[in-house]
Amino acid sequence: MDRLRQIILIVILGSLAGLTTFRLASEGKLPIKIGNLVPQTINNQTQTVVQEENSVIKVVEQSSPSVVAIGVTQRVANPFDPYALPKQQQSTIGTGFMVSQDKGIIVTNRHVVDNLSLKYTVITKDGKKFDVKKIYRDPNLDLALVQVDNINLPALELGDSSKIRVGQLAIAIGNALGRFDNTVTTGVVSGLGRAVSVGDPFGGITEQLDDLIQTDAAINPGNSGGPLLNSAGQVIGVNVATTEGAQNIGFAIPINSVKAIVDEFVSTGKITRAYMGIRYRLVTRDIAILNEVPQGAYIQEVITGSPADKAGILAGDILTKIDGQTINNETKISQIVQSKKPGDSISTEVWTDGKTRSVNVTLAETPNQEPY
1 MDRLRQIILI
11 VILGSLAGLT
21 TFRLASEGKL
31 PIKIGNLVPQ
41 TINNQTQTVV
51 QEENSVIKVV
61 EQSSPSVVAI
71 GVTQRVANPF
81 DPYALPKQQQ
91 STIGTGFMVS
101 QDKGIIVTNR
111 HVVDNLSLKY
121 TVITKDGKKF
131 DVKKIYRDPN
141 LDLALVQVDN
151 INLPALELGD
161 SSKIRVGQLA
171 IAIGNALGRF
181 DNTVTTGVVS
191 GLGRAVSVGD
201 PFGGITEQLD
211 DLIQTDAAIN
221 PGNSGGPLLN
231 SAGQVIGVNV
241 ATTEGAQNIG
251 FAIPINSVKA
261 IVDEFVSTGK
271 ITRAYMGIRY
281 RLVTRDIAIL
291 NEVPQGAYIQ
301 EVITGSPADK
311 AGILAGDILT
321 KIDGQTINNE
331 TKISQIVQSK
341 KPGDSISTEV
351 WTDGKTRSVN
361 VTLAETPNQE
371 PY
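Counting from 1, position 280 in the sequence shown corresponds to residue 280 in full-length UniProt numbering; the numbering is continuous, with no gaps.
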């Protein structure tokens, strides 16, 4: 019985103590310290997200004025009146970005401005239009430089693509689908040193591009030619291609492949580079086995009058060696050609209908095509 009384007394005293403490706290006479209800790791993650968002916003605000749309003007017939005169119609077909403010030089993709019969226009973020005066189209890269007068936009800072690391932030700016100006997409650098075929396989016009940056930042036909930027706002690549049938896979030309071209064009107004004059696709080991042909570079097109054309290389041939190197998935033909000078001879081995022959190609200077 005494034991029961002790237990009851302890319960009563405990309850009274609890009520007294609560009353004092509610009256503000007793400080209450509430522990951190949110784990510290969550706070750190939130802070990281905010910092990343702020860096993207800062890059976009600084870079967007230097990103332009590339438009084309063409005459379009009235489908409802075949006798009416064709009207001029302008549409946006790609993106570019400033690399020289005083010279008005803009980087874009070659495929954006590859039609010599069309008139191209540069359209700024605020809607101003400038006629393109001069175009340089690179034969080895899907790259073009266009020049306009009196545009007076700041040039973007070019970074160092040799320092890119897989996983780092990547920001793409461009005219998505040719309709939505200065669209921003973000992602990461997904891979380096990629080789892809770009173009229209059904139309028979494709080409191999080597040593590309892979990113999951959305790239589409409208924002190709635009800049791929790092978190410091430096250009690390030129957006060039996406992969049909796969999401979140886009590619960009490393900016280090572009710098020498830009520097020469800015200083001299032209580019002196060696070119061979072929468009090709790599024949992988699997394709070679399936079709009973050797590995190498399948020639899809030989530019008329080019060094390859003069040397007797034909569409349908397969290059198996170039400059002493056996061609496989790792061979970067464009880099081999770019390392030479106009007038240099480059050795090749060519497979045609089961026979291999040696062909020496004398490289020529890149033709600077100016449509106006």
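No residue lacks a Cβ here, since even glycine has one placed at the ideal position from N, Cα and C.
Can you tell me whether DSSP reads Val240 as helix, strand or coil?
strand
If we count the other Cβ atoms within 10 Å of its Cβ and call it buried at 16 or more, is Val283 buried or exposed?
buried
Which one or two residues does DSSP pair with Pro254 in a beta bridge?
Gly237
Assuming contact is defined by CB atoms lying nearer than 9 Å, are Glu56 and Leu169 in contact in what I supplied?
One detail in the question is off: residue 56 reads as Val in this sequence, not Glu. Taking 9 Å as the Cβ cut-off, Val56 and Leu169 qualify as a contacting pair.
For Glu264, does the three-state DSSP call read helix, strand or coil?
helix
According to the neighbour-count rule (16 or more other Cβ atoms, all chains shown, within 10 Å of its Cβ), is Gln101 buried or exposed?
exposed
Cβ contact (3+ pairs, closer than 8 Å) linking the stretch 246–255 and the stretch 322–340
no
Just to confirm, are Ile278 and Tyr136 a CB contact at a threshold of 9 Å?
no
Taking the straight line between their C-alpha atoms, what separation do you get for Arg194 and Glu330?
9 Å
Secondary structure of Asp309, DSSP reduced to three states
helix
List, from N- to C-terminal side, the alpha helix (DSSP H) runs of 4 residues or more that fit wholly inside the UniProt domain "PDZ" (265–331).
285–291 and 307–311
Could you say which of Val235, Tyr275 and Ser64 lies nearest to Thr124 if we only look at CA atoms?
Ser64
When you compare each of Val293, Ser334, Ser231 and Ser257 to Asn54 by their alpha carbons, which one comes out closest?
Ser231
Is it the case that the stretch 94–114 contacts the stretch 137–156, given that we only count it when at least three CB pairs across the two stretches are under 8 Å?
yes
Determine whether the Cβ of Asp210 lies closer than 9 Å to any Cβ atom of chain C.
This model lacks chain C altogether, as it is built from one protein chain only.
DSSP beta-bridge partners for Ile173?
Val184
Reduced DSSP category for Glu157 - H, G, I as helix; E, B as strand; rest coil
coil
Tell me which same chain residues have a C-beta within less than 7 Å of the C-beta of Arg285, skipping the five on either side of it?
Gln295
Tell me whether Ile253 is buried or exposed, calling it buried when 16 or more other Cβ atoms sit within 10 Å of its Cβ.
buried
Give a yes or no on whether the C-beta atoms belonging to Thr356 and Gly316 are separated by under 9 Å.
no
What are the boundary residues of the alpha helix (DSSP H) that includes Val112?
Element bounds for Val112: n/a, residue is neither H nor E.
Whole-angstrom distance between Gln300 and Asn223, CA atom to CA atom
26 Å
Here's the rule: buried if 16 or more other CB atoms are within 10 angstroms of the residue's CB, otherwise exposed. What is residue 377?
Here the chain has residues from 1 to 372 only, and residue 377 is not among them.
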